[in-house]
Amino acid sequence: MFTCKVCIAGSDKVTSHGNGTILTAPSGENRTDLDPPSRLEVHCWSPSYPFKVLCSWLELPQTQLVTHYIVTYSVKGGEIQQCHPHPVSMASLSIPESSLPRENNSSARTMWRCVLEDLKLYTSYQLNVTAVNTAGSASHLQLFTLEDIVKPDPPVNVTVQVVPGKLKLLVKWDPPPSWSDHTLFPLMYKVRYQWENKGVSHAITLDPFENTQKVLPGLSPGRSYLVQVCSMEHMGMGQSSNWSPPVTVTMP
């Protein structure tokens, strides 16, 4: 059934119909800032397997209609649970840049996050994030298991020192604080290093039970190196973390 309703809002004409709402200015141009919400792009990952999952999305472009979000998740055929999203600062996110929409104004928009806890291992969940305003709604549906979306945070406190009298570097770091259980679910680490200005990068993967340090041998005198470390779940579940910020050191 198609319905249409026309009214006047100030000097603009508002037309509501089954497909949405159009605001027409006196010049005859249609305004789209009263449309229903557009489709969300939601990214979910587990930085502290198996204890919690974070789901984030970028706030929809500003319109004259207030938009709110409804988040639910459930096991197939199970009880539907609700998660209450909250805004977070972009600086606090460990989400990879490639997962963010490539828009010129994305940095000026708010990121929203929901925390899902007490999830079961090796179980498929369905997530539903719905954006709602008075003109309509748009939903994002996503299926996931914890094991597929494991993604630790990067290691912290990375330091690099020249080994005295040697063409070697000693790299040390601390595990990501967000990873909750290093006994049952140890992490592996990968160290990447390369010349500062050019050159092919080299990566060394450490055994999960090695200490959080590594000696890099066979380096060139007088060269500056960039060194980074990432972490990954020891069984290879999910993805590696983002690389830590690069540390620069110059060989004598």
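Quick note: the sequence shown, position 104, residue 104 per UniProt numbering, numbers continuous. The beta-carbon is built from N, C-alpha and C at its ideal position, and this holds for glycine as well. It should be emphasised that the depicted structure is a prediction, and the values quoted were computed from it without experimental measurement.
Leaving aside the five residues that flank Gln-161 on each side, the residues in its chain whose CB is nearer than 6 Å to its CB run, in chain order, Leu-170. With fewer than 16 other Cβ atoms inside 10 Å of its own Cβ, Asp-118 counts as exposed. In this structure Val-115 is exposed. Its beta-carbon is surrounded by fewer than 16 other beta-carbon atoms within 10 angstroms. Each residue's CA atom was taken as its position, placing Gln-228 and His-84 some 36 Å apart. The beta carbon of Gln-81 sits closer than 7 Å to those of Thr-72, Tyr-73 and Ser-74, all from its chain and outside the five residues before and after it, given in chain order. DSSP places Glu-147 in the helix class (H, G or I) of the three-state scheme. Runs of the beta strand (DSSP E) lying entirely within the UniProt domain "Fibronectin type-III" (154–252) and spanning at least 3 residues, in chain order: 156–162, 169–174, 187–195, 202–205, 213–216, 224–233 and 247–250. Comparing alpha-carbon positions, the option among Gln-126, Pro-164 and Asn-133 lying closest to Leu-146 turns out to be Gln-126. Rounded to whole angstroms, the gap between the alpha carbons of Lys-214 and Pro-37 is 50 Å. With respect to the C-alpha of Ile-204, the residue from Met-188, Trp-195 and Thr-110 having the closest C-alpha is Met-188. In the structure shown, Thr-134 falls within a coil segment according to DSSP collapsed to helix, strand and coil.
Using a Cβ-Cβ distance cut-off of 8 Å, the segment 41–49 and the segment 135–142 are in contact, since at least three pairs of beta carbons, one from each stretch, lie closer than that value. Take His-182, set aside five residues on each side of it, and the residues of its chain with a beta-carbon closer than 7 Å to its own are Pro-175, in chain order.
Assignment of Lys-76 by DSSP, reduced to helix, strand and coil, places it in the coil class. Note: Tyr-125 is bridge-paired with Val-75 and Phe-144 in the DSSP secondary-structure output.
Non-local C-beta neighbours of Pro-208 in its own chain, meaning closer than 6 Å and more than five positions away in sequence, comprise Pro-186, Met-188 and His-234, ordered along the chain. Here the alpha carbons of Pro-245 and Ile-149 stand approximately 23 Å from one another. Inclusion of Pro-152 and Ser-240 in the CB contact set at 9 Å is warranted, their separation being smaller than that value.
Measuring C-alpha to C-alpha distances from Trp-179 to each of Leu-54, Leu-34 and Ser-48 identifies Ser-48 as the nearest.
Asn-242 and Cys-230 have their C-alpha atoms roughly 6 Å apart.
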